[in-house]
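Participant: Okay, handing you the structure first.
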Amino acid sequence: MYKRFSFKYNSNLIDMEDNSGLLQGGKDSEVSNPSWRLSLPHVLVATLTSFLFGYHLGVVNEPMEVISADLGFNGNTLAEGLVVSTCLGGALVGSLLSGWVADGIGRRMAFQLSALPMIAGAAMSAMTKTLAGMLLGRLFVGIGMGLGPPVASLYVTEVSPAFVRGTYGSFIQIATCLGLMAALLIGIPAKETVGWWRVCFGVSTIPAALLALAMVFCAESPHWLYKQGRTEEAETEFEKLLGGSHVKSALAELSKFDRGDEPDSVKLSELLFGRHFQVVFIGSTLFALQQLSGINAIFYFSSTVFKSSGVPSNLANVCVGISNLAGSIIAMLLMDRLGRKLLLLWSFSGMAVAMALQVVAAGSHSPDSGAVYLSVGGTLMFVLMFALGAGPVPGLLLPEIFPSRIRAKAMAICMSVHWVINFFVGLLFLHLLEKMRPQFLYSGFATFCLIAVAFVKRNVVETKGKSLQEIEIALLPQE
Numbered sequence: 005m006y007k008r009f010s011f012k013y014n015s016n017l018i019d020m021e022d023n024s025g026l027l028q029g030g031k032d033s034e035v036s037n038p039s040w041r042l043s044l045p046h047v048l049v050a051t052l053t054s055f056l057f058g059y060h061l062g063v064v065n066e067p068m069e070v071i072s073a074d075l076g077f078n079g080n081t082l083a084e085g086l087v088v089s090t091c092l093g094g095a096l097v098g099s100l101l102s103g104w105v106a107d108g109i110g111r112r113m114a115f116q117l118s119a120l121p122m123i124a125g126a127a128m129s130a131m132t133k134t135l136a137g138m139l140l141g142r143l144f145v146g147i148g149m150g151l152g153p154p155v156a157s158l159y160v161t162e163v164s165p166a167f168v169r170g171t172y173g174s175f176i177q178i179a180t181c182l183g184l185m186a187a188l189l190i191g192i193p194a195k196e197t198v199g200w201w202r203v204c205f206g207v208s209t210i211p212a213a214l215l216a217l218a219m220v221f222c223a224e225s226p227h228w229l230y231k232q233g234r235t236e237e238a239e240t241e242f243e244k245l246l247g248g249s250h251v252k253s254a255l256a257e258l259s260k261f262d263r264g265d266e267p268d269s270v271k272l273s274e275l276l277f278g279r280h281f282q283v284v285f286i287g288s289t290l291f292a293l294q295q296l297s298g299i300n301a302i303f304y305f306s307s308t309v310f311k312s313s314g315v316p317s318n319l320a321n322v323c324v325g326i327s328n329l330a331g332s333i334i335a336m337l338l339m340d341r342l343g344r345k346l347l348l349l350w351s352f353s354g355m356a357v358a359m360a361l362q363v364v365a366a367g368s369h370s371p372d373s374g375a376v377y378l379s380v381g382g383t384l385m386f387v388l389m390f391a392l393g394a395g396p397v398p399g400l401l402l403p404e405i406f407p408s409r410i411r412a413k414a415m416a417i418c419m420s421v422h423w424v425i426n427f428f429v430g431l432l433f434l435h436l437l438e439k440m441r442p443q444f445l446y447s448g449f450a451t452f453c454l455i456a457v458a459f460v461k462r463n464v465v466e467t468k469g470k471s472l473q474e475i476e477i478a479l480l481p482q483e
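In terms of the working numbering, the sequence shown opens at residue 5 and continues consecutively.
Okay, structure coming up:
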């Protein structure tokens with residue numbers, strides 16, 4: 005199926021504009037687009053899982069010192085690392101399961117299932133009096149964190165009208181930024197107020213419960229329903245999402261490629277070694293390069309960089325959060341205008357330049373040279389450029405290019421790669437920083453950013469404004 009979807013497919017790929025005729029069948033397409041207002045509430049509810057994802061990533065940053073003192077592991081860096089890494093381990097498990105869960109019980113119930121361990125885990129963390137209780141709570145939270153985001157990417161891609169799919173996909177990154185910033189703001193009183201860190205964990209049960217409850221009223225993915233052979237239900241959900249006048253055309257387009265009566269079993273070997281290997285490899289490589297760019301290391305190290313220039317850590321984190329949010333908003337505005345590929349190229353190129361600034365700053369030994377301020381500027385620029393494309397685009401682009409039959413399971417594999425690389429970058433960054441000069445480490449990150457530019461230019465196809473069926477047909481080999 006993907007024999008032409010190789011590293012050189014960009015030059016041989018069927019042009020999507022030309023191939024739109026395959027779906028039109030010689031008939032004129034509808035002049036008007038469906039109303040974006042109908043699908044917006046469903047997308048906003050789905051992004052609650054991304055808000056929770058960002059919140060739980062940042063919730064231990066500010067209160068960690070107080071948590072370690074209260075639970076009796078103060079000064080034990082290994083225990084502190086376990087509080088973070090246990091959550092990442094749980095996320096890997098949740099991510100691996102996400103594709104099978106989303107295909108087995110549907111997107112809506114998968115969201116609700118992801119909310120349950122986040123509620124239980126947050127409650128355990130808030131009430132525990134031991135390190136073991138904290139680790140168990142973080143493990144449960146991680147499972148929910150790993151399960152939710154891949155399902156959110158699938159759901160937003162499948163329920164959004166094509167002309168705003170990029171914009172809606174950007175909401176996922178914006179919600180993650182808001183979650184991170186909310187964790188920071190709620191954590192500020194933790195060092196002065198006794199027991200406040202328990203509130204930081206407990207309050208996260210509110211959006212998780214809201215996600216589980218609100219999903220009862222949201223539409224199920226029509227693509228998933230159609231694959232289950234539930235055509236009438238898919239028609240009803242299309243009416244909720246697109247309006248009655250667009251239902252027939254949406255179903256007709258879906259029926260031209262998706263076959264509701266075909267078996268939906270996808271073997272793991274088919275994704276890793278078979279005909280779908282190339283497309284899964286491209287998706288996994290995008291997520292790997294996203295993490296190897298050093299973004300999580302920069303988030304981790306930004307407070308130290310700012311502190312060296314006399315900026316308080318709270319203000320430093322706010323500056324990084326604002327840069328992240330600003331880049332995400334710009335990406336939202338440009339995603340459906342400039343396209344996914346161009347934003348990825350700009351993003352990784354800008355990140356490489358920002359890392360070059362860090363290399364120059366790290367190589368300067370004069371305290372009066374302004375090197376510290378150059379480093380601060382490089383950090384903010386790096387975060388801004390990441391949020392412009394490298395952050396939001398892979399989670400949107402991959403569900404677009406994966407065939408519907410493998411979409412959920414392929415996303416699960418790619419997100420698992422994301423979590424594995426994320427874990428090792430976080431684990432080894434400070435150790436490598438001690439063993440080698442900072443400019444060497446930053447040069448390595450810059451190199452990965454440049455590799456990403458070349459990889460995107462060679463392998464990523466533009467998908468803006470195209471229906472999922474048009475994209476899938478465009479990636480098929482000509483007979």
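For glycine and all other residues, C-beta sits at the position ideal for the given N, C-alpha and C.
These numbers were taken from a predicted model, which means no experiment stands behind them.
Applying the 10 Å Cβ sphere with the 16-neighbour rule, what's the burial state of residue 398?
Facilitator: Counting Cβ neighbours within 10 Å, residue 398 comes out buried, since at least 16 surround it.
Participant: Distance, Cα to Cα, residue 23 vs residue 396?
Facilitator: Residue placement at residue 23 is poorly supported in this model, since its pLDDT is 43, which falls under 50; the coordinates still yield a value, given next. The alpha-carbon atoms of residue 23 and residue 396 are separated by roughly 27 angstroms.
Participant: Taking residue 72 as part of the alpha helix (DSSP H), name the residues at either end of that continuous run.
Facilitator: Where residue 72 is concerned, the enclosing alpha helix (DSSP H) stretches over 68-75.
Participant: Does the beta-carbon distance from residue 408 to residue 476 come in below 8 angstroms?
Facilitator: Taking 8 angstroms as the Cβ cut-off, residue 408 and residue 476 qualify as a contacting pair.
Participant: Please say whether residue 297 and residue 336 have beta carbons closer to each other than 8 angstroms?
Facilitator: No, they are not a contact pair.
Participant: Kindly indicate which three-state DSSP category residue 464 falls into: helix, strand or coil?
Facilitator: Correct three-state label for residue 464: coil.
Participant: Grab the span of the alpha helix (DSSP H) containing residue 197 for me, first residue to last.
Facilitator: Unbroken run through residue 197: none, as it is neither H nor E.
Participant: The alpha helix (DSSP H) that contains residue 61, what's its start and end?
Facilitator: Element bounds for residue 61: 52-62.
Participant: My output table needs one value for residue 471: the three-state DSSP class, helix, strand or coil.
Facilitator: Of the three classes helix, strand and coil, the one that applies to residue 471 here is coil, per DSSP.
Participant: Distance check for residue 193 and residue 425, CA to CA, integer angstroms please.
Facilitator: So the two alpha carbons sit approximately 33 angstroms from each other.
Participant: Taking DSSP as the reference, what is the three-state secondary structure of residue 115?
Facilitator: Three-state result, residue 115: helix.
Participant: Scan the stretch 154-192 and note each continuous alpha helix (DSSP H) run of 4 residues or more that stays entirely inside, going in chain order.
Facilitator: Listed in chain order, the complete alpha helix (DSSP H) runs (minimum 4 residues) inside the stretch 154-192 are 169-191.
Participant: Sort 202, 154, 126 and 142 by Cα distance to residue 518 and report the nearest one.
Facilitator: Residue 518 lies beyond the stretch modelled for the chain, which goes from 5 to 483, so this question has no answer here.
Participant: Looking only at its own chain, which residues have a Cβ that is under 8 angstroms from the Cβ of residue 365, when we skip the five neighbours before and after it?
Facilitator: The residues are 375, 376, 378, 379 and 382.
Participant: Apart from the five residues just before and just after residue 453, which ones in its own chain have a Cβ nearer than 6 angstroms to its Cβ?
Facilitator: Hits under 6 angstroms: 297, 352, 355 and 356.
Participant: Report buried or exposed for residue 252, applying the criterion of at least 16 other Cβ atoms within 10 angstroms of its Cβ.
Facilitator: Residue 252 is exposed by the Cβ-count criterion.
Participant: Measure the C-alpha to C-alpha separation of residue 129 and residue 349 and round it to an integer number of angstroms.
Facilitator: C-alpha separation (whole angstroms): 41 angstroms.
Participant: May I have the straight-line CA-CA distance separating residue 468 from residue 363, to the nearest angstrom?
Facilitator: C-alpha separation (whole angstroms): 35 angstroms.
Participant: What does a CB cutoff of less than 8 angstroms around residue 258 pick up in its chain, not counting 5 residues either side in sequence?
Facilitator: Excluding residues within five positions, the ones whose Cβ falls inside 8 angstroms are 226, 227, 230, 238 and 473.
Participant: Quick one: what does DSSP say residue 98 is sitting in, helix, strand or coil?
Facilitator: Correct three-state label for residue 98: helix.
Participant: Have a look at residue 33 and residue 216 and give me their C-alpha separation to the nearest angstrom.
Facilitator: Residue placement at residue 33 cannot be trusted, given a pLDDT of 40 that sits under 50; what the coordinates show is reported in the next sentence. Roughly 37 angstroms separates the two Cα atoms.
Participant: In chain order, what are the residue ranges of uninterrupted alpha helix (DSSP H) at least 4 long that sit wholly in the stretch 326-368?
Facilitator: Here the runs fully enclosed are 344-367.
Participant: Does DSSP classify residue 285 as helix, strand or coil?
Facilitator: Three-state result, residue 285: helix.
Participant: Are the Cβ atoms of residue 449 and residue 359 separated by less than 8 angstroms?
Facilitator: In contact: residue 449 and residue 359 (Cβ atoms closer than 8 angstroms).
Participant: So for residue 32, helix, strand or coil by DSSP?
Facilitator: For residue 32, the predicted model reports a pLDDT of 42, less than 50, meaning its position is unreliable and no value from the coordinates is stated.
Participant: For residue 319, does the count of other Cβ atoms within 10 angstroms reach 16, so buried, or fall short, so exposed?
Facilitator: Classification of residue 319: exposed, given that the 10 Å Cβ count is below 16.
Participant: Tell me whether residue 295 sits in a helix, a strand or coil according to DSSP, three-state version.
Facilitator: Helix at residue 295.
Participant: Between residue 151 and residue 98, how many whole angstroms is the CB-CB distance? I'm expecting something under 8 angstroms.
Facilitator: 4 angstroms between Cβ atoms; contact.
Participant: Using 10 angstroms around the beta-carbon of residue 28, count the other beta-carbons present and answer buried if the total reaches 16, otherwise exposed.
Facilitator: For residue 28, the predicted structure reports a pLDDT of 42, less than 50, and the residue's modelled location is therefore unreliable. The matter cannot be settled from this model.
Participant: What would DSSP say about residue 122, mapped onto helix, strand or coil?
Facilitator: Residue state, collapsed to three classes: helix.
Participant: Decide if residue 132 is buried, meaning its Cβ has at least 16 other Cβ atoms within 10 Å, or exposed.
Facilitator: By the 10 Å Cβ count, residue 132 comes out buried.
Participant: Looking at C-alpha atoms only, which residue of 104, 331 and 165 is the closest neighbour of residue 1?
Facilitator: Shown here, the chain extends from 5 to 483; a query on residue 1 therefore has no answer.
Participant: Is it the case that the Cβ atoms of residue 146 and residue 93 are separated by a distance below 8 angstroms?
Facilitator: Their beta carbons are under 8 angstroms apart, which means residue 146 touches residue 93 by this criterion.
Participant: Mark residue 432 as exposed unless 16 or more other C-beta atoms lie within 10 angstroms of its C-beta, in which case mark it buried.
Facilitator: Residue 432 is exposed by the Cβ-count criterion.
Participant: Name the residue from 254, 120, 181 and 179 whose alpha carbon lies nearest to the alpha carbon of residue 209.
Facilitator: Out of 254, 120, 181 and 179, 120 has the C-alpha closest to the C-alpha of residue 209.
Participant: Can you give the Cα-Cα distance for residue 411 and residue 102, rounded to whole angstroms?
Facilitator: About 11 angstroms.
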